[in-house]
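In UniProt numbering, the protein residues as written are 1 to 847.
Backbone N, C-alpha and C fix where the C-beta goes; we use that ideal spot for every residue, glycine too.
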Amino acid sequence: TTKKRNRISRVCGFCKRRKIKCDRGSPCLSCVKYGNRNCHYAEIELVAEGEIEKNGELESTLESLKKKLRSLEEYVGKANVAGITDEIVTGRLNLAWSHTNESTLKVSPVASEKDYINFFEGYTSVNVSEPIRRRNFGPLSWYALIKVDGALGILWEYVYAKHESYHERVRNMFHSGQDATDPDTKAFANKVNDDEGFNDVREISYINACGQQSFNILDSTEGIKQRHIFSAPASNRNEELELITKIKLALPSRKVIWLLYKRFFINCYLFMPCIDEVVLKEQLSKIIGEESLLEEPVADVQVSRRLDFAHLGALLLVLRFSYLTLFNNLNGSHDPRLSTDDPSPKVQELKYLLSNPIGLEIVEVAHECLNQFNLMRGINMSIMQLALLTRFYHMYAPEDGDGVDGGDAQVFNAMLIQMAYALGLHRDPDNFPDQCVDEKSNNLARKMWYCVIIIDLNNTMTAGTPMNVNINSFDTKVPFYKPGNENVVNVALEKHTVKAFKMLEASFERLADIMLKIMDVKGSVSIRDLEVKLEFMRDHYATFASEAFEEGVRNPHNLLTQLLRTKVFLNSSLFVVSVYLHVFNYYERRRDIKLAYNFLKRMMEICIGQVLPFYFEFYGLVDQFADVTDLIVAPSFEQACHKSVIVLTAIFIRVKIITMNFETSYDHSTKMNENSGYKSRYKKWVTLTESIEKSMRLFREFMAILSPRFYYAWRITKAQRIMCSLLTDQELFDRTRTSPKLVNLPLDNGMLDDLNEIFDKTFSRISQLKKEKGIKLNPNVGTPNFFPPSTNDSRSYNSVGSVPSTASSDSHGDVNLVPNDEIDRIWMLMLSLKKSNDNGATGYYNN
Numbered sequence: 001t002t003k004k005r006n007r008i009s010r011v012c013g014f015c016k017r018r019k020i021k022c023d024r025g026s027p028c029l030s031c032v033k034y035g036n037r038n039c040h041y042a043e044i045e046l047v048a049e050g051e052i053e054k055n056g057e058l059e060s061t062l063e064s065l066k067k068k069l070r071s072l073e074e075y076v077g078k079a080n081v082a083g084i085t086d087e088i089v090t091g092r093l094n095l096a097w098s099h100t101n102e103s104t105l106k107v108s109p110v111a112s113e114k115d116y117i118n119f120f121e122g123y124t125s126v127n128v129s130e131p132i133r134r135r136n137f138g139p140l141s142w143y144a145l146i147k148v149d150g151a152l153g154i155l156w157e158y159v160y161a162k163h164e165s166y167h168e169r170v171r172n173m174f175h176s177g178q179d180a181t182d183p184d185t186k187a188f189a190n191k192v193n194d195d196e197g198f199n200d201v202r203e204i205s206y207i208n209a210c211g212q213q214s215f216n217i218l219d220s221t222e223g224i225k226q227r228h229i230f231s232a233p234a235s236n237r238n239e240e241l242e243l244i245t246k247i248k249l250a251l252p253s254r255k256v257i258w259l260l261y262k263r264f265f266i267n268c269y270l271f272m273p274c275i276d277e278v279v280l281k282e283q284l285s286k287i288i289g290e291e292s293l294l295e296e297p298v299a300d301v302q303v304s305r306r307l308d309f310a311h312l313g314a315l316l317l318v319l320r321f322s323y324l325t326l327f328n329n330l331n332g333s334h335d336p337r338l339s340t341d342d343p344s345p346k347v348q349e350l351k352y353l354l355s356n357p358i359g360l361e362i363v364e365v366a367h368e369c370l371n372q373f374n375l376m377r378g379i380n381m382s383i384m385q386l387a388l389l390t391r392f393y394h395m396y397a398p399e400d401g402d403g404v405d406g407g408d409a410q411v412f413n414a415m416l417i418q419m420a421y422a423l424g425l426h427r428d429p430d431n432f433p434d435q436c437v438d439e440k441s442n443n444l445a446r447k448m449w450y451c452v453i454i455i456d457l458n459n460t461m462t463a464g465t466p467m468n469v470n471i472n473s474f475d476t477k478v479p480f481y482k483p484g485n486e487n488v489v490n491v492a493l494e495k496h497t498v499k500a501f502k503m504l505e506a507s508f509e510r511l512a513d514i515m516l517k518i519m520d521v522k523g524s525v526s527i528r529d530l531e532v533k534l535e536f537m538r539d540h541y542a543t544f545a546s547e548a549f550e551e552g553v554r555n556p557h558n559l560l561t562q563l564l565r566t567k568v569f570l571n572s573s574l575f576v577v578s579v580y581l582h583v584f585n586y587y588e589r590r591r592d593i594k595l596a597y598n599f600l601k602r603m604m605e606i607c608i609g610q611v612l613p614f615y616f617e618f619y620g621l622v623d624q625f626a627d628v629t630d631l632i633v634a635p636s637f638e639q640a641c642h643k644s645v646i647v648l649t650a651i652f653i654r655v656k657i658i659t660m661n662f663e664t665s666y667d668h669s670t671k672m673n674e675n676s677g678y679k680s681r682y683k684k685w686v687t688l689t690e691s692i693e694k695s696m697r698l699f700r701e702f703m704a705i706l707s708p709r710f711y712y713a714w715r716i717t718k719a720q721r722i723m724c725s726l727l728t729d730q731e732l733f734d735r736t737r738t739s740p741k742l743v744n745l746p747l748d749n750g751m752l753d754d755l756n757e758i759f760d761k762t763f764s765r766i767s768q769l770k771k772e773k774g775i776k777l778n779p780n781v782g783t784p785n786f787f788p789p790s791t792n793d794s795r796s797y798n799s800v801g802s803v804p805s806t807a808s809s810d811s812h813g814d815v816n817l818v819p820n821d822e823i824d825r826i827w828m829l830m831l832s833l834k835k836s837n838d839n840g841a842t843g844y845y846n847n
């Protein structure tokens, strides 16, 4: 008999078991696609066949490797339950770029290997408005995109020159807004004060007013001085009792509390899994009483220790989050539910919760709960959980959000990261079996650490701030599920939460590598290398949205996960666009029009081909996703619209100038009649100009639809009213045409055809979707009431959920904003007082 020769397989064990093609990468593309972390090959030293037969030691080694490979394959096979891989990750995030092949990309790289770019050169990133504010903006922020772009930089200067004469008048408007009797107007003015830093430099008049009546410490004896200096302020002695009273007033009925508590762990938990459902419920039961669905107030709040404020603060934010999930701003479907007669329990429960609003005051009380603790010194897991929930609220809150100025993201994120390091969350609990013995706590600690990483990475991608978490500074495993370690009662939800973390695992190291190169202030990054990596990530994330819109893949178990993937798709899209706008300007300044056009086209493919039709794709699916759709997706959609408008405005100015050059040419009419080539080329430019205008109008309408509920969208909508008028100002284009900062963009006919084709396909798709779904863009636009009305009823505060007024579209389909004179005056103040560091230019784009 002939003995069969044993050959070593050149494919990985995973591909061999599934009998699929393997590209022999490390890891291979198949393992990356299917989420297999254990891409393993059988490797031994290559020796002659005769030597293997003679060497028993090598034969033993080979058999040992085969056994290990078989056991590993069996383990991976058993771990796949219901489509979710529940493997225990035994190492670090180790996906590298080693398997990335340029031939696998949908778009081939075009940049030269000799081209390098520094993302901090060519513009000023620091905005100095001392003594009020001084702020640095990252290279991916709206501010940097405006300053680095030649056309937008000219527009920025023009805005300031146009409105400088109104500066003092608007400042006076601000002071009159402070003194207004209308509570909403006065409250909004105070919000402007805090956001813009004016309260920090305002004179404290009441000190001078009561100075003569106050105790003169300088004239007192030494003993009296000591008592005044070292004793606690009288107003703080009863602070805890006052806070308990506030909590009692803020808490709704017991029925509302426990219905919303349950709702949070159904709709919100996957997006902020930093608390344990059972553990927190046990703590709250001791403080406010056992779970009850009786319509009765909380009789007493039994605070026996300061740490109870951490649990109460978490409860308050949970209630607010759950209440916000009741609304769907995309189609305004919440109004009919308040008056429905449907007797079904689910509908009646929804109607009941809508009639018991959880307003903004409850968030302020939660902040006071967090302020009870010295976050700079000793903390524990409960305090960390409250801090994380607070940060998540600032990310998603309709009346707050990171929005234009980044909110508190940069500083708060850094503090959370240092708190996590102080708690040891960056070390995996399995490293300390003598201390970390509870599986539930260990699982929660892993989730909290990766929540910190997510908020850090999110801010880095949207604003271009340096990452605070170094990939080599932690060894915490990605959260995994095994029976008994779940932090939510619904085990299926726990498994999908773990699955969501694995999306981060697949891309974190690559994103961190890209951001490290972009954030290099002293050095430069190879554009080709960056291009390959960005296109790889773009291809990867493009599947996220397409899967979300496919009927076949949506099922009740995957809705929340797909919603998260949709959010990631939007964030990654605006990240790539921000980077490409820098690269586009780099090549434009070098007069390399061909390469500049390539990156211009890619920006249009994302902004027009993917982001613009998103609303129409998503419309009608919100009920099939989850009630949390609006809360989670809208903030990312706002930012995507904002940056898309910035990019489109930059291109519109360039295209409009070229169109005007045609029209102002002395022989334009003659050529239009006699030269068919000239006429055809002119029409291509006009078509492109009109398409960009139409796209900008659609983005404005999207923001107007969100503006009654989202503060960020409302600011952008108001600003676009100003921008619409500026972009029709002939003086602006006259200045731009003669500016040496702007380079002519001589696109050839083929380039124009390609760009127009992108717009045409998108408009056709939008028309089809509008017809299929019966969509009419008739945005409800008004002035949102961000603050509670003045009333004696402590329970009558604003819910930031209702639409205060309506508007209709004009004959051209544009947004007809309904102005509020008092709020608009304060809005103009915010615009005029945002100065640039070089000439005090007004930041119209960022508002």
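query, result
"Nearest neighbour of Pro273, chosen from Leu416, Asn413, Ala500 and Lys684 [CA to CA]", "Ala500"
"Contact check, Gly150 vs Leu742, beta carbons under 7 Å", "yes"
"Secondary structure of Ile117, DSSP reduced to three states", "strand"
"Burial state of Arg654 (16 or more Cβ within 10 Å)", "buried"
"Unbroken alpha helix (DSSP H) run spanning Arg735, endpoints", "Gln730 to Arg737"
"Val11 (DSSP reduced to helix, strand or coil)", "coil"
"Stretch pair the segment 665-679 + the segment 687-701: three plus CB contacts closer than 8 Å", "no"
"Within-7 Å CB hit, Thr340 to chain C", "You won't find chain C in this structure, because it holds only one protein chain."
"Distance CB(Val576)-CB(Arg538) smaller than 7 Å", "yes"
"Whole-angstrom C-beta distance between Cys268 and Thr325, which should lie under 8 Å", "7 Å"
"Span separating the alpha-carbon of Leu504 from that of Asp734", "48 Å"
"Cα-Cα separation, Asp342 to Ser355", "15 Å"
"Range covered by the alpha helix (DSSP H) that runs through Asn442", "Glu439 to Ala463"
"Collapsed DSSP secondary structure at Ser524 in the structure displayed", "coil"
"Runs of alpha helix (DSSP H) lying entirely within the segment 662-694, each at least 4 residues, in chain order", "668-674"
"Proximal residues to Met751 (C-beta, below 7 Å), its chain only, five neighbours per side dropped", "Tyr597"
"The segment 563-571 touching the segment 715-726, judged by at least three CB pairs closer than 8 Å", "no"
"Own chain, CB closer than 7 Å to Leu388, minus 5 neighbours either side, in chain order", "Cys274, Leu416, Met448 and Cys451"
"Inter-residue Cα distance where the pair is Thr497 and Leu270", "5 Å"
"Asn36, DSSP secondary structure in three states", "coil"
"Identity of the residue in Phe373, Val411, Phe699 and Ile514 nearest Ile646 by Cα", "Phe699"
"Cβ separation of Phe119 and His582, assumed to be a contact under 8 Å, to the nearest whole Å", "6 Å"
"Ala445 vs Leu386 beta-carbon contact at 7 Å", "no"
"Closest residue to Leu769 among Tyr615, Leu251 and Pro131 (Cα-Cα distance)", "Tyr615"
"Host alpha helix (DSSP H) of Arg320 (start-end)", "Asp308 to Leu324"
"Among Leu423, Asp456, Asp408 and Glu364, the one whose alpha carbon lies nearest that of Arg320", "Glu364"
"Backbone CA spacing between Cys12 and Lys19 [nearest angstrom]", "10 Å"
"N-terminal and C-terminal residue of the alpha helix (DSSP H) that Asn267 is part of", "Arg254 to Asn267"
"Neighbourhood of Gln639 by C-beta distance below 7 Å, restricted to the same chain and skipping five residues each side", "Thr462 and Leu574"
"Cβ-based neighbour list, Ile154, same chain, cut-off 7 Å, excluding 5 preceding and 5 following", "Arg735, Thr736, Ser739, Lys741 and Leu742"
"Element boundaries [beta strand (DSSP E), containing Asn136]", "Arg133 to Asn136"
"Helix, strand or coil at Val647 according to DSSP, with G and I counted as helix", "helix"
"Helix, strand or coil at Val126 [DSSP, three-state]", "strand"
"Closest Cα partner of Ala422 within the set Ile518, Ser141 and Asn380", "Asn380"
"Simplified DSSP state of Val478, which is helix, strand or coil", "coil"
"Three-way DSSP call (helix, strand, coil) for Phe373 in this model", "coil"
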